[in-house]
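Residue numbers (the numbering used here): 106 to 836.
From the three backbone atoms N, C-alpha and C, an ideal C-beta is built for every residue, glycine too.
Computed from a predicted model, the values in this text were never measured in an experiment.
One structure below.
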């Protein structure tokens, strides 16, 4: 080890991303009053840098600029420098990203924004290279120019920042225009389907050419569209688009065939060469999507991919305390002796490495065939590497292979004269050996921050997969994680959620000196998780907590004037804008998910004002839903749920009885996007009976577990066989 490095203020933070910058020569401050006061006292611009710990270009900008002594001196002399982890403070990130997108036409991370001392943005961008080139102004030049501008033209910059702020306010308002109702469902669904159908890649699946993102929000929309249009050609196409996309992703290099789970996105059309970071929110949503694909198609392939994701999360992202960590990085050291990290180093292979690991002769195959030959054929491994130089601008993957299923099991088996069952066993053994070899490599950095919202998405993934695949261990893992949230990310005194907590020494759980309060997305994804967990576990305690949190969410975030929920609560003077997100992207936007949450909450509680609120959200986003529903596929899906009225599927019976379990299996194996499930166990003092008096009038028929399908608290005739129940769920 060299001489001790001088640390800046970030050394006292808990966020892994901020700690990564604690030894930069830049005098970084965390977001907070100390930095704001310094900017005002010294009349300096603020340089705000926003990123996250698994962001590849954030690492590049740190290496090139923030570790440079010379650039650090320019920054410290002219600006007050603030570092923000966007995953800790999505509110700060969204305000300034709105500015960067509006002024530059693009956005991304690292985000670099210069602010006046009163926090108004005046100049912004994303990644800047350190020095000037023919195409780009370098970061050093930009720093000097902006500092000079502030010295020479301070008034002009202040006026300009004020005008920018006013324009952003006008631009970012989402509100009800006049006496608007929720938009018509038929029209929104049809437009969204047409827009998706037009951008669909028939050959490889997905909804763009490149880069290609796993977009669970789109797949969920297509499943719901199919369920409502089963008999039409459009309905059939919607299902085919969703299943083909999921299949191609699972075969692609975006899926980690050796270590399980999914990488962030593919840089090419074929799902082949990914950006290698793995994010918790992708795993949670994709586990649910693959489970749903199995539920609809009955194809075990989809069930096996869901199981693969949950294995990865349990093993590599699960904390001892029960929660889930945020992400694994894309970059790592190729060997323990390497001094420079490379993207994908943990996951890629040379043909030579694979041959050395799989030298066994394969009995029954052509003379001289080794296990490596079979594996390399099936997974597209090439002698000189299978990554196109076009997809590898930094030459980090030269000569390397990203595994991608290039052949069906039938074709690979035929090529080598093997039985299919035997081929499966050979490939499984090969993957096991590669995984053991990979375990010897230095692992990528793990972001051990635990976020309420992403834990919510992951709990939903475990709960839904547990119910659909009938795997109790998944439901138990979801219960464990929900218990973790209750212990570490909830304040029972105030009834409020906290945003984040962190892994401490010896796997303890730590909290910041001033905990970050939960944002809208934390409430929404946790409430959704608790409803999913009740349906999977039947423990009414989760239901009770979900309804309490819904009341808190209403109090903190609802906009009574313009309708819908703000992303952050009122009262933070450092936030220039209270925004409402209007795009379902890598994660669904909170207002989209909350529409279905409110309808579920009303079904479990009888509070019909929640149905009214759901309609008001759809009214606030009505114009966008009618023009470009493609930007809000989850909200378009929720529009259908709103207009079709949720079915309350009530099973009267003993939760432990075999007849009740049979009815539950029928419900869990049927895809019906507008149902809520409840079990009426006869305990009239229990939470559900207290909330819903109509349950007391429902009886078991002939002493058997009996199902009723109710709409607006009016019920069908009772049925006692799973076949009859299936008929009611799928009319």
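So, with DSSP's three-state summary, where would you put residue i?
i, result
"residue 756", "strand"
"residue 169", "helix"
"residue 627", "helix"
"residue 134", "strand"
"residue 94", "This structure leaves residue 94 out entirely; the chain is present only between 106 and 836."
"residue 107", "Unreliable positioning characterises residue 107 in this predicted model, as indicated by a pLDDT of 49, which lies under 50. A coordinate reading is not provided."
"residue 579", "helix"
"residue 783", "strand"
"residue 365", "coil"
"residue 813", "strand"
"residue 622", "strand"
"residue 233", "coil"
"residue 423", "strand"
"residue 601", "strand"
"residue 720", "helix"
"residue 748", "helix"
"residue 260", "helix"
"residue 148", "coil"
"residue 360", "strand"
"residue 694", "coil"
"residue 213", "coil"
"residue 574", "coil"
"residue 317", "strand"
"residue 244", "helix"
Would you list the one or two residues that DSSP bridges to residue i?
i, result
"residue 433", "383 and 551"
"residue 615", "607"
"residue 94", "Outside the displayed range of the chain (106 to 836) lies residue 94, so it cannot be described from this structure."
"residue 326", "Looking at the DSSP assignment, residue 326 forms no beta bridge with any residue, so it has no partner."
"residue 448", "436"
"residue 670", "663"
"residue 226", "220"
"residue 522", "Its beta-bridge partners do not exist; DSSP assigns none."
"residue 187", "134 and 153"
"residue 182", "Residue 182 is not bridged to any residue."
"residue 562", "Residue 562 is not bridged to any residue."
With a threshold of 16 other CB atoms inside 10 Å of the CB of residue i, please say whether the residue is buried or exposed.
i, result
"residue 837", "No answer is possible for residue 837: the residues shown for the chain start at 106 and end at 836."
"residue 835", "exposed"
"residue 107", "Its pLDDT being 49, under 50, residue 107 is placed unreliably by the model, and the measurement read from it follows with that caveat. So residue 107 ends up on the exposed side."
"residue 549", "buried"
"residue 788", "exposed"
"residue 148", "exposed"
"residue 739", "buried"
"residue 441", "exposed"
"residue 610", "exposed"
"residue 327", "buried"
"residue 408", "buried"
"residue 258", "exposed"
"residue 379", "buried"
"residue 519", "exposed"
Once you ignore the five residues that flank residue i on each side, which residues in its own chain have a CB closer than 6 angstroms to its CB?
i, result
"residue 625", "662, 670, 672 and 695"
"residue 356", "510"
"residue 748", "290"
"residue 177", "130 and 131"
"residue 418", "388"
"residue 304", "312"
Who are the near neighbours of residue i in its chain, counting only those whose CB is closer than 8 angstroms to its CB and skipping five residues on each side?
i, result
"residue 827", "767, 768, 770 and 771"
"residue 807", "825"
"residue 143", "134, 149 and 185"
"residue 529", "514"
Assuming residue i and residue j make a contact with CB atoms under 8 angstroms, what is their CB distance in whole Å?
i, j, result
"residue 681", "residue 155", "Rounded, the Cβ-Cβ distance is 15 angstroms, inconsistent with contact."
"residue 432", "residue 503", "Going by Cβ atoms, the distance from residue 432 to residue 503 rounds to 26 angstroms, so no, they are not a contact pair."
"residue 207", "residue 273", "7 angstroms"
"residue 735", "residue 744", "Not quite, the Cβ-Cβ distance comes to about 14 angstroms (not below 8 angstroms), so this is no contact."
"residue 557", "residue 567", "So it is not a contact: roughly 16 angstroms between Cβ atoms."
Going by beta carbon distance, what residues of the same chain come within less than 7 angstroms of residue i, once the five residues before and after it are set aside?
i, result
"residue 653", "600"
"residue 809", "764 and 825"
"residue 339", "298"
"residue 136", "187, 189, 194 and 197"
"residue 235", "169, 170, 173, 176, 243, 244 and 245"
Flag residue i as yes when its Cβ comes closer than 7 angstroms to any non-hydrogen atom of the ligand ZN, and as no otherwise.
i, result
"residue 480", "Questions concerning the ligand ZN fall outside what the structure shown contains, since it holds no ligand whatsoever."
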